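Asker: First residue of the sequence shown: 4, per the working numbering; consecutive thereafter.
Every residue, glycine too, gets a C-beta built ideally from N, C-alpha and C.
The structure presented is a predicted model; accordingly, all values stated were derived computationally and were not measured.
This is the structure, below, for whatever I ask next.
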Amino acid sequence: MSDVAETQRFLRYKSASRNQDVKVQRSAKMNHPRGALRQRSPQNFRAILAVAMLALLARSASAQSASPAEAADFPARMQAVVGFVWAENPLRSGLYRLSATQDVAIWLDRRVDPDQHVDFAVRDLPLEEALRRLAGELQLGVCQVGPVVYLGPPETAAKLATVSALREQEAAALPAAARASLGRRRSSTWKDLATPQGLLQQLSRDSNVRIVGLETLPHDLWPGNRLPGCTFVERLTLIAAGFDLTFEFSPDGKAVRFQRLPETAVLERTYDLNGPSDPRVKDLQRRFPAAHLRVSGSKLLVAAGAQDQDAIGRLLRGEAAERPPVKPAAGGIKVYSVKFENQPAGVVASTVAKQLGLTLKASPEVRERLQMLVSVDVKEVSLDELLKKALAPTGLSYRRDAEVLEILPGE
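Quick look at the structure:
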């Protein structure tokens with residue numbers, strides 16, 4: 004057996020408490036009876052791990068923003084190229100850390116089990132695509148509501164952005180006084196053990212809008228969180244989605260009343276064309292088969308979901324349908340944030356090697372020491388700092404090149 008094969012075999016720890024085989028646990032539990040808050044304390048996590056290449060950003064830790072991206076910065080943040088590895092990571096813990104390192108707000112629907120353990124890895128992908136793949140592996144859906152990423156049941160995620168856009172259209176048609184208050188973006192923060200009723204009461208006070216039917220919502224407890232500047236519609240859409248609800252405005256915009264989310268949602272928009280025979284129309288019909296397109300003179304009337312509408316708008320403005328990934332700046336430094344608790348040093352080394360696309364090698368004389376349990380909790384450090392920190396308790400060293408990470412006896 005080759006050294007590489009033997010190393011890989013050795014690092015497959017088989018104990019029941021540390022099954023590190025790379026697979027994604029797909030048992031996303033809907034209608035979780037304990038709500039979204041009941042999260043285990045960190046000392047009880049079987050293996051807390053989030054390895055994040057922080058978009059390979061060429062900026063210092065002091066330049067990191069202190070809060071999630073606001074609406075203007077959100078599209079660029081979603082296209083930042085990232086990589087991360089989770090090993091037996093509780094879902095909410097992983098999302099918290101990903102949200103913090105990428106400065107992007109993530110909302111996990113209350114019906115999704117936040118404690119399910121997840122094994123998942125992506126490398127060098129835009130954050131938007133990485134989250135889409137994570138959602139797919141967990142049999143969930145993902146969408147964007149304002150400057151917030153929503154992760155929840157697929158049937159809700161498929162229409163939530165469109166429902167939010169429809170409510171924004173309705174808010175824009177209200178009297179001027181109501182429009183001004185509803186359109187103002189406000190950040191919001193709450194502590195652990197918050198209730199949806201409490202969050203909605205605060206939203207009502209912030210916007211001077213009465214929310215009818217709070218008493219009909221089931222009691223729930225939610226973890227602390229922080230949202231960037233959101234409109235009234237965006238905040239209420241996110242909170243109500245977990246109960247399969249949306250809302251309707253009173254004619255004067257001073258009150259809203261809950262109603263069930265519709266089975267489907269379609270957004271209508273009108274775009275300018277270069278005449279009735281604009282060749283771009285056929286291309287749009289081919290690219291967006293689910294959208295309904297109708298030409299009227301030099302106008303194009305489109306009925307489609309919010310995501311398709313945004314892509315169609317970009318194409319007609321001469322932009323790419325998909326925003327290009329934000330590549331690292333020249334000379335940028337790759338930095339890593341990692342948290343392991345009481346894990347074999349070999350697991351740390353193999354996880355880092357996997358993230359970097361390297362082959363891990365370890366001679367027989369060091370393999371025993373790779374079983375030593377180590378704890379690592381670092382933020383925004385270089386790869387060398389990370390490896391030295393992880394291997395220090397074992398007395399081992401390492402050598403790496405473009406293809407191999409080799410663990411060596413200590414010098």
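Quick one: Cα of P226 to Cα of S378, how far?
Answerer: One C-alpha to the other measures close to 26 Å.
Asker: Using 10 angstroms around the beta-carbon of H120, count the other beta-carbons present and answer buried if the total reaches 16, otherwise exposed.
Answerer: Label assigned to H120: buried.
Asker: Note the first and the last residue of the continuous alpha helix (DSSP H) segment covering V355.
Answerer: Note, V355: alpha helix (DSSP H), 348-359.
Asker: Indicate the three-state DSSP secondary structure (helix, strand or coil) for L248 in the structure shown.
Answerer: L248: strand per DSSP, three-state reduction.
Asker: My understanding is that E73 touches G186, with C-beta atoms under 8 Å, so please give their C-beta distance in whole angstroms.
Answerer: E73 to G186, Cβ: 15 Å. No contact.
Asker: Curious, which full-length alpha helix (DSSP H) runs of at least 4 residues does the stretch 247-318 contain?
Answerer: Entirely contained in the stretch 247-318, the alpha helix (DSSP H) runs reaching 4 residues are, in chain order, 283-290.
Asker: Can you give me the start and stop residues for the alpha helix (DSSP H) that K162 sits inside?
Answerer: It spans 157-175 - the alpha helix (DSSP H) in which K162 sits, taken as one unbroken run.
Asker: If distances are taken between C-alpha atoms only, which option among V284, G216, P265 comes closest to S167?
Answerer: Of the listed residues, the one whose Cα sits closest to S167 is P265.
Asker: Considering only DSSP beta bridges, list what S364 is partnered with.
Answerer: This sequence places Lys at residue 364; Ser is not what is there. Paired residue(s): E409.
Asker: Can you tell me the Cβ-Cβ gap for E237 and G308, rounded? I've got them flagged as a contact below 8 Å.
Answerer: Contact flag wrong, Cβ pair sits at about 17 Å.
Asker: For A2, which of helix, strand or coil comes out of DSSP?
Answerer: No statement about residue 2 is possible, as the shown extent of the chain runs from 4 to 414 and does not include it.
Asker: When DSSP builds the beta bridges, which residues end up paired with T192?
Answerer: According to DSSP, T192 bridges with R229.
Asker: Quick one: Cα of L408 to Cα of L101, how far?
Answerer: Computed Cα separation, rounded: 25 Å.
Asker: Could you have a look at G144 and say whether DSSP puts it in helix, strand or coil?
Answerer: Correct three-state label for G144: strand.
Asker: In the structure shown, what three-state DSSP assignment does S385 receive?
Answerer: Looking at S385 - three-state DSSP - the assignment turns out to be coil, as it is neither helix nor strand.
Asker: Taking its Cβ as the centre, do 16 or more other Cβ atoms sit within 10 Å of G155, making it buried, or is it exposed?
Answerer: Buried.
Asker: How far does the alpha helix (DSSP H) with A179 in it extend, from its first residue to its last?
Answerer: 179-186 is the extent of the alpha helix (DSSP H) around A179.
Asker: With a cut-off of 8 Å, do at least 3 Cβ pairs link the stretch 79-89 to the stretch 101-110?
Answerer: Yes: the two stretches touch, three or more of their Cβ pairs being nearer than 8 Å.
Asker: According to the Cβ coordinates, are A181 and F252 closer than 9 Å?
Answerer: Closer than 9 Å, so yes.
Asker: Going straight from the alpha carbon of R283 to that of R135, what length do you get?
Answerer: Looking at the two C-alpha atoms, the distance is approximately 28 Å.
Asker: Could you tell me the alpha carbon to alpha carbon distance between D387 and G360, rounded to whole angstroms?
Answerer: Distance between the alpha carbons of D387 and G360 is about 16 Å.
Asker: Please classify N277: is it buried, with 16 or more other beta-carbons within 10 angstroms of its beta-carbon, or exposed?
Answerer: Under this definition N277 is an exposed residue.
Asker: Do you know whose CA, among L137, R114, E218, T240, lies nearest R170's CA?
Answerer: Here the closest residue by C-alpha is T240.
Asker: Could you give the C-beta distance for P157 and G144, rounded to a whole number, given that I count them as a contact under 8 Å?
Answerer: Correct: roughly 4 Å between the Cβ atoms.
Asker: Do you know whose CA, among A183, E218, K302, lies nearest S280's CA?
Answerer: Nearest option by C-alpha distance: K302.
Asker: Is the beta carbon of A164 closer than 9 Å to that of C146?
Answerer: Cβ atoms of C146 and A164: closer than 9 Å.
Asker: Could you pull the DSSP bridge partners for P93 from this structure?
Answerer: BP columns for P93 point to H120.
Asker: Cα separation between A294 and R320?
Answerer: Rounded to the nearest angstrom, the two C-alpha atoms are 18 Å apart.
Asker: Candidates E91, T397, V259: which alpha carbon is nearest A124's?
Answerer: Closest option to A124, Cα to Cα, is E91.
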